[in-house]
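What follows is a set of notes on a single structure, which appears directly below.
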Amino acid sequence: MTWLAGVDGCRKGWFRVCRDSDSQEIRFDVLETAEELVSTLPCPIVVAIDMPIGLPEAGARECDVAARQLLGPRRSSVFRAPIRPSLTATSRLEADSITRSVEGKGVSAQAWGIYGKVKSVDCALANDAKLRSAFCEVHPEVSFLAWNDRQPMAFSKKKREGRRERAVLAEAWLGEGILARARGGELRKHLADDDILDAIAALWTAHRIASGAAETLPESPPRDRAGLPMRIVF
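Numbering-wise (numbering that gives the first Met the number 0), the sequence shown opens with residue 0 and increments by one.
What follows is the structure, given as structure tokens:
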């Protein structure tokens, strides 16, 4: 059995959707740590995760710039990745101060919101070679664009129309009622519809990765100081 996973962050930790590429069996779970994404059964060989991995010393990553250009009307969904020196920060004010000292730009409250998960993934990758070989950074809106005949989605994922147009793709692939099946007993305040849909888009990309059909932004990604590729796979 060859298990693949798509992962998105949620309030309770990480929402993971796993699918066996041979039998098409699908499973859903919510996990607390990045390490569990690979170690918890079923253990996937590819983990497509919506989280910055390779981090710059300063400035914007080439992959983020390229993703914004590609997404057009959905460009605002691509957040600026933290610079690596700021990962030592324990507060937004500290991260803001470090980032301003390096590049003259601050860190918004929204950007600070992902720092904890970025740091947890970065630490996990630094300590486990198995995770480094399994994890690939994706961006759901870029995945949806590729899935949607290379067209960006018409509406924001936060709007009812946006959730519906993404659900149409998910249901065509995984069957009607996939959102309800994926949610299980989780409350919406802990696991939003867009968390589920983003993880499914990541899973769709995980299948492209496993089959060798995936593309990357940029085509030849640079690596950061830790040796991690600064890329978005789709």
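Each residue gets a CB set at the ideal place from its N, CA and C atoms; glycine is no exception.
Source: prediction; values computed, not measured.
Which of helix, strand or coil DSSP assigns to residue i
{"i": "ILE97", "result": "helix"}
{"i": "GLY115", "result": "helix"}
{"i": "THR87", "result": "helix"}
{"i": "THR39", "result": "coil"}
{"i": "THR215", "result": "strand"}
{"i": "ARG73", "result": "helix"}
{"i": "GLU185", "result": "coil"}
{"i": "PHE154", "result": "coil"}
{"i": "GLY161", "result": "helix"}
{"i": "PRO139", "result": "helix"}
{"i": "LYS129", "result": "helix"}
{"i": "LEU173", "result": "helix"}
{"i": "ALA33", "result": "coil"}
{"i": "VAL106", "result": "coil"}
Residues that DSSP places opposite residue i in a beta bridge
{"i": "CYS9", "result": "GLY12"}
{"i": "CYS122", "result": "Answer by DSSP bridge pairing: none, since CYS122 is not bridged."}
{"i": "PRO228", "result": "ARG222"}
{"i": "ARG18", "result": "LEU3 and ILE25"}
{"i": "VAL45", "result": "LEU3"}
Residue i - containing beta strand (DSSP E), residue span
{"i": "GLU136", "result": "134 to 136"}
{"i": "ALA200", "result": "From DSSP, ALA200 is part of no beta strand (DSSP E) but of the alpha helix (DSSP H) over 192 to 210."}
Residue i, enclosing alpha helix (DSSP H) - first and last residue
{"i": "LEU30", "result": "Note, LEU30: premise wrong, no alpha helix (DSSP H); beta strand (DSSP E) at 25 to 30."}
{"i": "ALA65", "result": "61 to 70"}
{"i": "ILE177", "result": "177 to 182"}
{"i": "PHE78", "result": "Element bounds for PHE78: n/a, residue is neither H nor E."}
Selection from the options that minimises the alpha carbon distance to residue i
{"i": "ALA33", "options": "PHE143, LEU124 and THR1", "result": "LEU124"}
{"i": "PRO217", "options": "LYS129, VAL141, SER75 and GLY71", "result": "VAL141"}
{"i": "ASP95", "options": "VAL106, ALA88, GLU102 and VAL101", "result": "VAL106"}
{"i": "ASP148", "options": "VAL16, LEU36 and PHE233", "result": "PHE233"}
{"i": "SER90", "options": "LYS118, GLY71 and SER75", "result": "LYS118"}
Euclidean distance between Cα positions of residue i and residue j
{"i": "TYR114", "j": "ASP21", "result": "36 Å"}
{"i": "ALA65", "j": "HIS138", "result": "12 Å"}
{"i": "ALA108", "j": "MET0", "result": "42 Å"}
{"i": "THR98", "j": "ARG79", "result": "12 Å"}
{"i": "ARG83", "j": "GLU56", "result": "5 Å"}
{"i": "GLY184", "j": "ARG165", "result": "22 Å"}
{"i": "ARG26", "j": "ALA169", "result": "15 Å"}
{"i": "LEU69", "j": "TRP111", "result": "25 Å"}
{"i": "TRP2", "j": "ILE48", "result": "15 Å"}
{"i": "ALA200", "j": "ALA88", "result": "31 Å"}
{"i": "ALA153", "j": "GLU102", "result": "34 Å"}
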